[in-house]
Structures are given as structure tokens and as C-alpha cells.
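Asker:
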Amino acid sequence: MLIENNIYLGVTTNRLINKVAVVTGGARGIGGATAKLMAENGAHVVIADVLDDLGTNLANSINGRYVHCDVSVESDVEAAIQLAVTWKGKIDILFNNAGIGGTYLPFSRLIFTILLSINTMLLKSTYVGFKIDQEPNQLIVLGSFLADVGGSICSVEMKNVAKLIGVNVNGVVHGIKHAARAMILAGNGGSIISSSSTAAIMGGLGSHAYTLSKEAILGVSRSSACELGIYGIRVNCVLPHGVLSEMLVDAYRGFKNDVTVEEVQQKVSENASLLKGRCGSVEDVAEAVLFLASDKAGFITGHNLVIDGGYTSSSIGMTFIYRDKISKSELS
Numbered sequence: 092m093l094i095e096n097n098i099y100l101g102v103t104t105n106r107l108i109n110k111v112a113v114v115t116g117g118a119r120g121i122g123g124a125t126a127k128l129m130a131e132n133g134a135h136v137v138i139a140d141v142l143d144d145l146g147t148n149l150a151n152s153i154n155g156r157y158v159h160c161d162v163s164v165e166s167d168v169e170a171a172i173q174l175a176v177t178w179k180g181k182i183d184i185l186f187n188n189a190g191i192g193g194t195y196l197p198f199s200r201l202i203f204t205i206l207l208s209i210n211t212m213l214l215k216s217t218y219v220g221f222k223i224d225q226e227p228n229q230l231i232v233l234g235s236f237l238a239d240v241g242g243s244i245c246s247v248e249m250k251n252v253a254k255l256i257g258v259n260v261n262g263v264v265h266g267i268k269h270a271a272r273a274m275i276l277a278g279n280g281g282s283i284i285s286s287s288s289t290a291a292i293m294g295g296l297g298s299h300a301y302t303l304s305k306e307a308i309l310g311v312s313r314s315s316a317c318e319l320g321i322y323g324i325r326v327n328c329v330l331p332h333g334v335l336s337e338m339l340v341d342a343y344r345g346f347k348n349d350v351t352v353e354e355v356q357q358k359v360s361e362n363a364s365l366l367k368g369r370c371g372s373v374e375d376v377a378e379a380v381l382f383l384a385s386d387k388a389g390f391i392t393g394h395n396l397v398i399d400g401g402y403t404s405s406s407i408g409m410t411f412i413y414r415d416k417i418s419k420s421e422l423s
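If you read the sequence shown in our numbering, its first letter stands for residue 92, the second for the next number, and so on.
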């Protein structure tokens, strides 16, 4: 089926017919699935990412455009928005999806022993991992981005916090700022969606820095919704959890290099939602973003749409990734 002015042959519906969208972090994963789904629904899509080969190939496959974009650099984000305006004369939709989880740090034997003990005690935890040999580099516990800033709040490396803030928070602010400017000038309203995380609404699901960055996204989205509503611009968030994506697999491989996608899928399916035997997919999140981007969500703004298989609705197996107690000797 063909849609006028859009020659992408995968079009199945027209919920976004002739809308113009920018997707940051759109080369793969949730962003890639969303870019494809938007194109299937009639949108003209600009993919903005740092993964140039993947992004270019995907953009070509959906008759879109690609631009190299480091969202922590404001001029890069401004250029991505401007590309959409230059290409099609407007921007209707921004999906602020680009983000990072952090840098994985090596674990000492002590930390390994602590993690092993936690995993043994909490077999029903979301973070139960894999059977291993007695080597520190073969960890069995996956705490979401546990090691990205050293674990404990008492040992946070502020340079790592700043890196997460630079991408996850500043990147979103850059996107909202420049998309809003273009949308206000066009006078046709618009939809801005940002990708946060369930770590923003439930403590202990991510490192302190990751949690901080994702909760900040909720705050700036709500405040932006308050300001931009008079222009017909809606601002919302999606909060995924337990979604099988390249980023999640990479996180597991930060702890166990040879883990397969199938192993990650099995563990997430067993432990990361109330829907046992099913993990979330990038397409699940893409469908939620499509809804928020479309006119079907025309009276929804300032909303945080949780996509977690009910995980944050239950306290069953609730487990945090931080140690229970820090010895005084570690602080001296």
C-alpha cells in the first residue's frame, strides 16, 4: 500500500500520515523500532544518532533521513530539528529516545562475594542472572547499571554522574527546546515524547546517577507540558522496564561477556514483569510512542506512560541493587 508523498512500502495504517518526526537514538533498539513504525504509519522520519552506519541504513530503508547527532551537544540536536524543517518544512513529532546506562566498572573479589550472596538469597529477584564458575569476571547478578557510578551513594564518581546527566537529561532538554521553537513558529501544535524509565518512579531499579537522570526527565516533561499546552504542543514520557533491547543485552554482557540474547530473554521473561513467560519488546514501546504521537492521544499531555508488564504495580520479589550496609572502614 502506498501513501501519498511517502514511498515506504511497509505502510499499514495512516495514523501519522504526512507527519514529520525526529527520533533521537533512532538507529536501533526502541528508537529504531519506533522510527520504522512511524514510517509504516505514514510519517517522514529523521533518525538522529551516533551509530552512523546503522542509522543511515535504517533511514534509507524507510525513505527517511539520517543525521549524526550527539544529544549532549546542543548544536547537534538543533541541526537534527532543522534538517526536518528543511526537508519537509516542519516538525510535528519529536521522540527523545537517546540515552545511556553508564560505564561498567570492574568488581573486586569482595564485591563479587557480596553480589553472589545477594543473588543466592534472592532467587526470585528481577536481577537473578546466570550460573557461573568461581571467577569475578563471570558475575551472576545483574543490577540495572549497578556499576556505572560505583554502586553506593558513598562512592559515586561525580564525573560519571555528569556524563549521564549530559546525555540523558541535557539531551532531552535540548530536544524539547529546539522542537518547541520550531513547533511554535509553525503554529500547528505537535507532540514531544521522551524516554524515561521505571527507575524514575521506583527506587532501587538503577544506579543513583541513572535514577537521577531518568527522574529529571519526568520533571522537565511535566513543566514543559504546562508551558507548551497553549501552543497545542503535548509533552509526554514513556517508562519502559523489562524490554529486550540491544541496550539491555549490552548491559548483561557488561557482567558476562558470552551471554546470549536467548539467555537474556529467558531471564527477563521469568522475572521482569507480572506477565510470566513474556518479556517486553521494542515494538511494545514503539506502539506506545506511536499512540502518544498520534491524534488518538490528542487530549493527553504531561503523562508518564509505564510499559512494564505490571512490574511496578507489585511488591512481589522487590529487590534493590544496593548493599544493605557499608562498613566504616570503607569510608575512612
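Backbone N, C-alpha and C fix where the C-beta goes; we use that ideal spot for every residue, glycine too.
May I ask you to verify whether the region 142–157 touches the region 241–255, counting CB pairs closer than 8 Å and requiring at least 3?
Answerer: Taking 8 Å as the limit for Cβ pairs, the verdict is that the region 241–255 does not touch the region 142–157.
Asker: Helix or strand or just coil, what does DSSP make of Ala316?
Answerer: DSSP places Ala316 in helix when its eight states are reduced to three.
Asker: Exposed or buried, Ser246, counting other C-beta atoms within 10 Å across all chains shown (16 or more means buried)?
Answerer: With fewer than 16 Cβ atoms within 10 Å of its Cβ, Ser246 is classed as exposed.
Asker: How far does the beta strand (DSSP E) with Ser286 in it extend, from its first residue to its last?
Answerer: Segment 281–286, the beta strand (DSSP E) holding Ser286.
Asker: Considering only residues of the same chain and omitting the five flanking positions on each side of Val111, which have a CB-CB separation below 6 Å?
Answerer: The residues are His135, Ala175, Lys179, Lys181, Ile182, Asp183.
Asker: Taking the DSSP output, what are the residues bridged to Asp334?
Answerer: Just to set this straight, residue 334 is Val in the shown sequence, not Asp. Its beta-bridge partners are Gly371.
Asker: Are the beta-carbon atoms belonging to Asn327 and Thr392 less than 8 Å from one another?
Answerer: Cβ distance < 8 Å, so Asn327 and Thr392 count as in contact.
Asker: Going by CA-CA distance only, name the one from Ser282, Asp144, Asp399 that's closest to Gly116.
Answerer: Selected option, being the one with the closest Cα: Asp144.
Asker: Within its chain, find whatever has a CB closer than 7 Å to the CB of Ile324; leave out the 5 residues flanking it on each side and keep chain order.
Answerer: Ala271, Met274, Gly280, Gly281, Ile283.
Asker: Taking all protein chains shown into account, do 16 or more other C-beta atoms lie within 10 angstroms of the C-beta of Lys367, making it buried, or fewer, making it exposed?
Answerer: Answer is exposed; the Cβ neighbour count stays below 16.
Asker: Confirm, please, whether the CB-CB distance from Arg106 to Ser385 is below 8 Å.
Answerer: For Ser385 and Arg106, yes; Cβs fall inside 8 Å.
Asker: On the CB-based measure, 16 or more other CB atoms within 10 Å of its CB, does Ser405 come out buried or exposed?
Answerer: Ser405 is exposed by the Cβ-count criterion.
Asker: To which residues of the same chain is Thr104 closer than 8 Å at the C-beta, ignoring the five residues directly before and after it?
Answerer: Around Thr104: Glu131, Asn132, Gly133.
Asker: Please say whether Ile244 and His299 have beta carbons closer to each other than 8 Å?
Answerer: For His299 and Ile244, yes; Cβs fall inside 8 Å.
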